[in-house]
Amino acid sequence: MDKVVELAADAVADIPEGATLAVGGFGLCGIPTVLLAALYEQGAGGLAIVSNNCGVDGLGLGMLLGAGRIARATGSYVGENKELARQYLAGEIELELVPQGTLAERLRAGGCGIPAFYTPAGVGTQVAEGGLPWRYDADGGVAVASPAKEVRDFDGTEYLLERGITTDYALVRAARGDRHGNLVFDRSARNFNPLAAMAGRVTIAEVEEIVRPGELDPDEIHLPGVFVQRVVPLTWEQAADKHIEKRTIRVEAGR
């Protein structure tokens, strides 16, 4: 039952070339920075990533992206990542953009063993009709386009069929956890982390604070340990090393 792996490098050592990974986080909030850095050092490439976005240039998934190690990305938006936009438009990466709520439900469905579900999101758009560019060729033409999806009427409303997502591995970050893999996430840092963890066949969690089994109140656990295979405890310095994607300053009246 003890799932603790002391070193991040050991936890990601068996992730192979071409693996599929679900990665938690939203922008730079709640991303598994230590595991991603270890994976960068490990060297695996040709990766297919499922994450809300692909980090920012040089941070998080942006490190793997900048090194040319991501072959395909599934997410909700390009965000502030100029390198992702460049690679996509240059035909160097395949990119599947998914409505954000649909992406969340696809991950949850995959983790629950649900192969597919119907949703109204995307009906009447190219999400349903197909033709969204997934990959461009060197001349700017569409080399790979999204397929059309099944649309079905339920009680006079149209819904389209979306597939659940499962991946070989998942990388997530939690605020607290025990040695059995039960995890608690902190406020907005929860975001896609529990959903990504559910979708991975082998889920690796970096945890800011490890407690003994039984110390977590069952009612405060956000993700049961059944979904987690490896737990990596962070040092104080690693836990405190958090980046802010955009800093904003409130200007008080009269100043």
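Under our numbering, the first residue of the sequence shown is numbered -1, with each subsequent residue one higher. Beta carbons: idealized from backbone N, C-alpha and C, even for Gly. Remember, it's a predicted structure, so these values are computed and weren't measured experimentally.
Could you give the distance in angstroms between the alpha-carbon of residue i and the alpha-carbon of residue j?
| i | j | result |
| --- | --- | --- |
| glycine 254 | leucine 232 | The structure shown does not extend to residue 254, since the chain is modelled only from -1 through 253, so no value can be given for it. |
| asparagine 180 | isoleucine 219 | 7 Å |
| alanine 88 | leucine 158 | 30 Å |
| leucine 63 | alanine 251 | 42 Å |
| glutamine 124 | lysine 147 | 9 Å |
| asparagine 191 | glutamate 94 | 20 Å |
| glutamate 39 | valine 121 | 42 Å |
| arginine 133 | tyrosine 116 | 26 Å |
| glutamate 90 | alanine 141 | 11 Å |
| valine 149 | glutamate 127 | 9 Å |
| phenylalanine 152 | glycine 129 | 25 Å |
| leucine 57 | glycine 154 | 46 Å |
| glutamine 98 | threonine 72 | 11 Å |
| histidine 241 | glycine 25 | 10 Å |
| alanine 69 | aspartate 8 | 24 Å |
How close, in whole Å, do the beta carbons of residue i and residue j come, if the pair is a contact with beta carbons under 8 Å?
| i | j | result |
| --- | --- | --- |
| threonine 165 | alanine 197 | 5 Å |
| valine 2 | arginine 177 | 5 Å |
| alanine 238 | leucine 105 | No, alanine 238 and leucine 105 are not in contact; Cβ-Cβ is about 28 Å, not under 8 Å. |
| asparagine 51 | tyrosine 75 | 6 Å |
| arginine 199 | proline 30 | With a Cβ gap of about 17 Å, arginine 199 and proline 30 do not count as contacting. |
| glycine 175 | valine 229 | 6 Å |
| alanine 195 | valine 182 | The pair is not a contact, with the Cβ atoms about 12 Å apart (cut-off 8 Å). |
| alanine 36 | alanine 6 | 4 Å |
Where does residue i fall in DSSP's three states?
| i | result |
| --- | --- |
| threonine 18 | strand |
| aspartate 12 | coil |
| leucine 5 | coil |
| glutamate 250 | coil |
| glycine 154 | coil |
| threonine 164 | coil |
| glycine 60 | helix |
| arginine 185 | helix |
| alanine 172 | strand |
| leucine 193 | helix |
| alanine 238 | helix |
| alanine 42 | coil |
| leucine 26 | coil |
Residue i: which of the options sits nearest, CA to CA?
| i | options | result |
| --- | --- | --- |
| valine 96 | Lys244, Val48 and Glu156 | Val48 |
| glutamate 78 | Gln40, Lys244 and Asp184 | Lys244 |
| isoleucine 202 | Gly154, Asp0, Leu33 and Gly25 | Leu33 |
| tryptophan 234 | Val10, Glu81, Ala46 and Ile208 | Ile208 |
| alanine 168 | Glu4, Ala7 and Ile13 | Ile13 |
| glutamate 160 | Ala69, Pro118 and Ala42 | Pro118 |
| glycine 60 | Leu101, Gly128, Phe183 and Leu82 | Leu82 |
| leucine 193 | Arg210, Gly212 and Val226 | Val226 |
| glycine 28 | Ser186, Gly138 and Gly43 | Ser186 |
| glutamine 236 | Gly223, Glu206 and Val224 | Glu206 |
| alanine 102 | Pro216, Ala71, Gly22 and Gly43 | Gly22 |
| leucine 221 | Ala143, Cys110 and Leu45 | Cys110 |
| aspartate 135 | Thr100, Arg84 and Ile112 | Arg84 |
Taking 7 Å as the threshold (beta carbon to beta carbon), is residue i in contact with chain D?
| i | result |
| --- | --- |
| leucine 5 | Protein chains in the displayed structure number just one, and chain D is not present. |
Run the proximity test for residue i: is its beta-carbon closer than 6 Å to any non-hydrogen atom belonging to the ligand MN?
| i | result |
| --- | --- |
| valine 182 | The ligand MN is absent from the structure shown, which contains no ligand whatsoever. |
Runs of beta strand (DSSP E) wholly within the stretch 202 to 236 (minimum 3 residues, chain order)
228 to 231
In chain order, which beta strand (DSSP E) runs of at least 3 residues are fully inside the stretch 64 to 146?
68 to 73, 92 to 95, 114 to 117, 131 to 134 and 140 to 143
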